[in-house]
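Novice: Below you will find the structure I want to go over with you.
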Ligand SMILES: [Ca+2]
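Numbering (the working numbering), first residue to last: 313 to 505.
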């Protein structure tokens, strides 16, 4: 259990620092962008909270780095796109996306990374969550409670294989939050790379 809690404590520290920095920036610029960093655990059968609750009128720009192990029978770790050779079946959290890809959730909407260097933008207000695309099992559900502020994922009806149990590693996500750009905006806003 502690190996889950420690990264979470680290996350809180990052969030706290990020908030302080953003407050300082707000004094000089209304276009300040607040950046949050979160390590999403491959073995977590839970929607892991990013620490970001997106307000109305704001856009979250999400990118990811690193690789994680999703299937012990694969000879490689995979990035945010997952294993591009395999399209997930109905037993997966998001069927049709790549097996082992990074999933992003706000409300009931789930988006999947299809490329490792993809940039996903979200304008829907609400809490932003992440998890790996794998098969939810009963074993995984029992361990999901370790994820503080996470949403455990119920086992799939046709659950098979090891699910989240043979996963390891983390993918690091970066969530940059800024005001949604409008055409009438007098100044050039941030968010473009
Ligand atoms: Ca797995």
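Cβ coordinates follow ideal geometry from the N, Cα and C atoms, glycine included.
Could you give the residue range of the beta strand (DSSP E) that holds residue 363?
Specialist: By one-based count along the chain shown, residue 363 stands at place 51. Note, residue 363: beta strand (DSSP E), 358 to 366.
Novice: According to DSSP, is residue 419 helix, strand or coil?
Specialist: Along the chain shown, read from residue 1 onward, the residue named residue 419 stands at position 107. Of the three classes helix, strand and coil, the one that applies to residue 419 here is coil, per DSSP.
Novice: Confirm the yes/no value for this check: CB of residue 475, any heavy atom of ligand 1, distance under 7 Å.
Specialist: Counting from 1 along the chain shown, the entry for residue 475 is found at position 163. Residue 475: yes, Cβ under 7 Å from ligand 1.
Novice: I need the straight-line Cα distance from residue 259 to residue 396, nearest angstrom please.
Specialist: Because the chain in this structure spans residues 313 to 505, residue 259 falls outside the shown range and cannot be described.
Novice: When burial is assigned at 16 or more other CB atoms within 10 Å of the CB, is residue 431 buried or exposed?
Specialist: Position 119 of the chain shown, counted from the start, is the residue given in the question as residue 431. It counts as exposed.
Novice: Just confirm the distance between the C-beta atoms of residue 447 and residue 346, as a whole number of angstroms; I'd bet it's less than 8 Å.
Specialist: Reading the chain shown from its first residue, position 135 is the one you call residue 447. Reading the chain shown from its first residue, position 34 is the one you call residue 346. Rounded, the Cβ-Cβ distance is 35 Å, inconsistent with contact.
Novice: For residue 369, which three-state DSSP category applies?
Specialist: Walking along the chain shown from the start, residue 369 turns up at place 57. Coil.
Novice: Under the three-state reduction of DSSP, which class applies to residue 381: helix, strand or coil?
Specialist: Start at 1 with the first residue of the chain shown, and residue 381 comes out as number 69. Residue 381: strand per DSSP, three-state reduction.
Novice: Report buried or exposed for residue 256, applying the criterion of at least 16 other Cβ atoms within 10 angstroms of its Cβ.
Specialist: Any property of residue 256 remains undetermined from this structure, which presents the chain solely from 313 to 505.
Novice: So is residue 428 buried or exposed if we call it buried at 16+ other beta carbons inside 10 Å?
Specialist: Residue 428 sits at position 116 when you count from the first residue of the chain shown. Buried is the call here.
Novice: Hey, residue 445 and residue 394 are a contact pair by Cβ (cut 8 Å); roughly how many whole angstroms apart?
Specialist: Position 133 of the chain shown, counted from the first residue, corresponds to residue 445. Position 82 of the chain shown, counted from the first residue, corresponds to residue 394. Indeed they touch by this definition, with Cβ atoms about 6 Å apart.
Novice: Quick one: residues in its chain with C-beta nearer than 6 Å to the C-beta of residue 413, no 5 flanking neighbours on either side, listed in chain order?
Specialist: Here residue 413 corresponds to residue number 101 of the chain shown, with the count starting at 1. The residues are 393, 394, 424, 425 and 445.
Novice: State yes or no: is the C-beta of residue 476 within less than 8 Å of the C-beta of residue 361?
Specialist: Indexing the chain shown from 1 puts residue 476 at position 164. Indexing the chain shown from 1 puts residue 361 at position 49. Taking 8 Å as the Cβ cut-off, residue 476 and residue 361 do not qualify as a contacting pair.
Novice: Relative to the alpha-carbon of residue 453, which residue among 387, 366, 357 and 348 has its alpha-carbon at the smallest distance?
Specialist: Walking along the chain shown from the start, residue 453 turns up at place 141. If we check each option's Cα against that of residue 453, 357 comes out closest.
Novice: Between which residues of its own chain and residue 463 is the CB-CB distance below 7 Å, once the five residues before and five after are set aside?
Specialist: The residue labelled residue 463 in the question sits at position 151 within the chain shown. Excluding sequence neighbours, residue 463 sits near 358, 359 and 441.
Novice: Is it buried or exposed for residue 479, if we count other Cβ within 10 angstroms and need 16 for buried?
Specialist: By one-based count along the chain shown, residue 479 stands at place 167. It is buried - the Cβ of residue 479 has at least 16 other Cβ atoms within 10 Å.
Novice: Report the residue from 438, 418, 420 and 398 whose alpha carbon sits nearest the alpha carbon of residue 410.
Specialist: As a position in the chain shown, residue 410 is number 98, starting the count at 1. It is 398 whose Cα lies nearest to the Cα of residue 410.
Novice: For a test of your reading of the model: does the CB of residue 479 fall under 7 Å from any non-hydrogen atom of ligand 1? Yes or no.
Specialist: As a working note, residue 479 is residue 167 in the chain shown. Within the cutoff, so yes.
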